[in-house]
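Just below is one structure, and these are the notes that go with it.
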Amino acid sequence: MYPTPADGLGRDKVGDHTFGVTYVAENGDRVDNTAACVNCHGVFDSFAEFMSRSDDDGDGVVEPIQDEIHGLLEHVAMLLPPEGTTDILPGNDPFWAAPENLLYRKAFWNYLMMEEEGSFGVHNYQFSVAVLKLTAQALEFGVLDAGMIMGIEDVPNDQGRQVGVAWSRFGGDGPSDTPIDDYYVWRAVESVNGAKAAYQSFSEVPVVTEDGGVDLSSMSVMLDGHLWTAVGHQPAAAFPMYSAVVPTLGDATATDTLWSTFVVSGHVAGAPDMTIITEPMMGYSVDNLVPTAPMMSAAGSKRKVELVFELDREEYRNADFDYFAIYRSTESGFDPVGMEPFATTAEDVYDDTEVTYNNTYYYRAAAFDFSGNQGEFSDEVMGAVGVGVDGTGEIPIAFELYQNYPNPFNPSTTIAFDVPQTSDVSVAVFDLLGRQVRTLVNGSLPAGKHTVTLNAQSMSSGLYVVRFDTPDGAFERTILLIK
Numbered sequence: 066m067y068p069t070p071a072d073g074l075g076r077d078k079v080g081d082h083t084f085g086v087t088y089v090a091e092n093g094d095r096v097d098n099t100a101a102c103v104n105c106h107g108v109f110d111s112f113a114e115f116m117s118r119s120d121d122d123g124d125g126v127v128e129p130i131q132d133e134i135h136g137l138l139e140h141v142a143m144l145l146p147p148e149g150t151t152d153i154l155p156g157n158d159p160f161w162a163a164p165e166n167l168l169y170r171k172a173f174w175n176y177l178m179m180e181e182e183g184s185f186g187v188h189n190y191q192f193s194v195a196v197l198k199l200t201a202q203a204l205e206f207g208v209l210d211a212g213m214i215m216g217i218e219d220v221p222n223d224q225g226r227q228v229g230v231a232w233s234r235f236g237g238d239g240p241s242d243t244p245i246d247d248y249y250v251w252r253a254v255e256s257v258n259g260a261k262a263a264y265q266s267f268s269e270v271p272v273v274t275e276d277g278g279v280d281l282s283s284m285s286v287m288l289d290g291h292l293w294t295a296v297g298h299q300p301a302a303a304f305p306m307y308s309a310v311v312p313t314l315g316d317a318t319a320t321d322t323l324w325s326t327f328v329v330s331g332h333v334a335g336a337p338d339m340t341i342i343t344e345p346m347m348g349y350s351v352d353n354l355v356p357t358a359p360m361m362s363a364a365g366s367k368r369k370v371e372l373v374f375e376l377d378r379e380e381y382r383n384a385d386f387d388y389f390a391i392y393r394s395t396e397s398g399f400d401p402v403g404m405e406p407f408a409t410t411a412e413d414v415y416d417d418t419e420v421t422y423n424n425t426y427y428y429r430a431a432a433f434d435f436s437g438n439q440g441e442f443s444d445e446v447m448g449a450v451g452v453g454v455d456g457t458g459e460i461p462i463a464f465e466l467y468q469n470y471p472n473p474f475n476p477s478t479t480i481a482f483d484v485p486q487t488s489d490v491s492v493a494v495f496d497l498l499g500r501q502v503r504t505l506v507n508g509s510l511p512a513g514k515h516t517v518t519l520n521a522q523s524m525s526s527g528l529y530v531v532r533f534d535t536p537d538g539a540f541e542r543t544i545l546l547i548k
């Protein structure tokens with residue numbers, strides 16, 4: 066372009082915003098042709114006074130716009146062949162004409178357009194920045210290349226069987242002639258005997274379109290004798306990192322670690338042969354949630370103590386519940402920590418027949434899940450064997466609930482009640498708002514004088530009401546817990 070006279074309008078005839086950025090003065094000095102910009106930007110001496118609003122070349126310093134453009138040009142030059150230097154192959158080099166180097170050729174043209182235009186951002190700074198940044202992204206990520214799995218971490222605070230898989234952006238995820246459209250996460254299956262795969266290679270896997278999805282449960286690939294099932298999907302969006310929460314084959318426990326192996330594949334729409342895959346990585350999941358403490362009642366008879374678990378069906382039957390461990394002692398207030406379970410059961414009712422006539426037994430229980438996690442211990446309950454009458458041999462003539470002893474108490478107290486004939490009864494504890502906080506007895510009891518122990522270690526201080534429900538009505542007593 067010919068220089069625009071300094072004493073003229075500062076514009077050439079090609080458009081209204083096209084002009085020579087610099088000219089050579091009579092004394093031989095090169096001078097910025099600022100006269101072209103005075104009407105819009107006011108009087109200034111040099112384009113170096115035009116500061117960028119951001120650090121566009123990423124060197125950590127906000128500089129004049131021309132310096133920012135120079136920094137971006139150097140970054141692109143370092144990515145062009147030969148990479149790692151700002152000395153670019155000449156334009157007549159055969160490299161640029163090779164069909165497989167089309168991406169590099171396009172990037173080279175963008176570089177030349179910005180470098181030889183000469184204004185270095187003065188004409189249209191934002192456009193120049195956008196072109197050079199896009200060119201750098203195309204060179205860094207436009208060449209199809211697999212990323213890598215960066216890590217596999219257990220998902221916290223869940224019932225297990227889930228991990229988070231994180232992977233880096235693939236080459237081709239962004240400005241590219243062969244752009245990545247979708248990522249799939251695959252999990253290896255240990256046993257493939259008789260298994261049939263939906264696809265025989267990862268390149269056969271369809272790319273998810275905007276108007277429809279893919280059922281991951283129906284997607285599997287048999288490759289080199291290994292079966293892989295699809296467990297996760299993410300659309301490509303030029304993010305530096307991706308992640309997906311995916312299922313595992315099982316959970317690690319205190320005695321064994323069940324590993325799951327994963328890979329991530331990248332897919333190009335319309336070019337299945339260009340599918341690329343990461344190296345595999347192994348990880349495992351953990352069941353982080355323990356079962357809640359069970360609520361249990363005990364009823365003694367002449368030959369056994371019947372333990373009844375009051376279950377939250379949804380929690381214990383539809384979730385991660387394996388069995389109850391039952392602990393027994395002949396002393397009230399015993400601590401089951403460190404004890405071997407007396408018995409285990411997965412049922413709602415357990416009959417303890419290993420009892421001695423005229424003895425009293427105390428029980429606590431804990432729930433275990435399938436990963437071996439133990440929940441908190443239940444409150445203590447009591448069952449008396451063979452004590453159907455009091456010391457005089459008389460059978461009570463009526464239902465009766467007696468005042469607990471001791472009262473006030475901390476942390477346990479004994480509650481006595483009479484049952485005149487075999488009956489379905491319940492003994493429960495309520496707070497003053499009417500909320501049930503403990504169930505001590507719930508079921509059929511034989512005729513006799515009975516006692517039950519309330520262990521209130523996990524209860525707050527205050528007044529409570531003990532309610533004794535019988536076929537003849539309800540009986541209540543107020544008790545006081547002081548801690």
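Residues in the sequence shown are numbered from 66 upward in steps of one, following our numbering. Glycine included, each C-beta is placed from N, C-alpha and C at the ideal position.
Nonlocal neighbours in the same chain, by C-beta distance under 6 angstroms from residue i, ignoring five residues either side
i, result
"S397", "Y427, T518"
"V187", "V86, F112"
"G236", "F206, V208, L209, D210"
"N469", "T478, I480, I544"
"A408", "I391"
Backbone CA spacing between residue i and residue j [nearest angstrom]
i, j, result
"N353", "Y529", "35 angstroms"
"G456", "T320", "Only weak support exists for where G456 lies, its pLDDT of 39 falling under 50; the value from the coordinates is given anyway. Between G456 and T320, the C-alpha separation is close to 52 angstroms."
"S509", "Y349", "47 angstroms"
"G453", "I462", "Note on G453: pLDDT 40, under 50, position unreliable in the model; the coordinate value appears next. In a straight line, the C-alpha of G453 is about 13 angstroms away from that of I462."
"P271", "M339", "13 angstroms"
"Y248", "R500", "52 angstroms"
"F327", "F433", "30 angstroms"
"M361", "P536", "22 angstroms"
"G513", "E441", "33 angstroms"
"D444", "F464", "25 angstroms"
"S477", "T421", "25 angstroms"
"F192", "L292", "49 angstroms"
"S283", "A263", "7 angstroms"
"G123", "E133", "9 angstroms"
"L204", "T99", "35 angstroms"
"T425", "G448", "6 angstroms"
"P155", "Y190", "26 angstroms"
"F474", "A253", "59 angstroms"
"P485", "H515", "11 angstroms"
Cutoff 8 angstroms; reference residue i; Cβ partners in own chain excluding five residues on either side
i, result
"A303", "Q202, F206, R234, D238, G239"
"A231", "I214, M215, G216, I217, E218, M306, Y307, S308"
"R95", "T87, Y88, V89"
"S523", "D444"
"E114", "P129"
"N416", "Going by the sequence as given, residue 416 is Asp instead of Asn. These residues qualify, in order along the chain: K369, V370, E371, L372."
"P406", "A390, I391, Y392"
Beta-carbon proximity of residue i to residue j, cut-off 8 angstroms
i, j, result
"V228", "L137", "no"
"V355", "Q299", "no"
"Q131", "F112", "yes"
"V506", "A364", "yes"
"W251", "T294", "yes"
"V311", "G297", "yes"
"V329", "D246", "no"
"A430", "A390", "yes"
"R368", "T410", "no"
"F173", "L145", "yes"
"N472", "L372", "no"
"A142", "T151", "yes"
"L281", "F267", "no"
"N423", "V450", "yes"
"F374", "D413", "yes"
"D534", "V490", "yes"
"I60", "S525", "This structure gives no information on residue 60, because the portion of the chain shown stretches from 66 to 548."
"T200", "N166", "no"
"G183", "T343", "no"
Nonlocal neighbours in the same chain, by C-beta distance under 7 angstroms from residue i, ignoring five residues either side
i, result
"D316", "G225, R226, L323, S350, V351, D352, S436"
"S119", "V127"
"R552", "Outside the modelled stretch of the chain, which goes from 66 to 548, sits residue 552, for which no answer is possible."
"M404", "Y392"
"T243", "L209, G237, V333, A336, M339"
"A521", "P476, S477, L546"
Entirely enclosed beta strand (DSSP E) segments - the segment 425-470, minimum 3 residues: 425-433, 446-449
Touching by the beta-carbon criterion (3+ pairs, under 8 angstroms), the segment 527-546 and the segment 487-500: yes
Take every Cβ of the segment 133-148, pair it with every Cβ of the segment 176-193, and state whether three or more of those distances are shorter than 8 angstroms. yes
Restricting to runs no shorter than 3 residues, where is the beta strand (DSSP E) found entirely within the segment 281-351? 285-288, 291-300, 306-312, 325-333, 346-348
Please go through the segment 175-263 and give each complete beta strand (DSSP E) segment of 3 or more residues, from N-terminal end onward. 214-219, 227-233, 245-254
Would you list, in sequence order, the uninterrupted alpha helix (DSSP H) runs of no fewer than 4 residues that lie entirely inside the segment 105-168? 130-144
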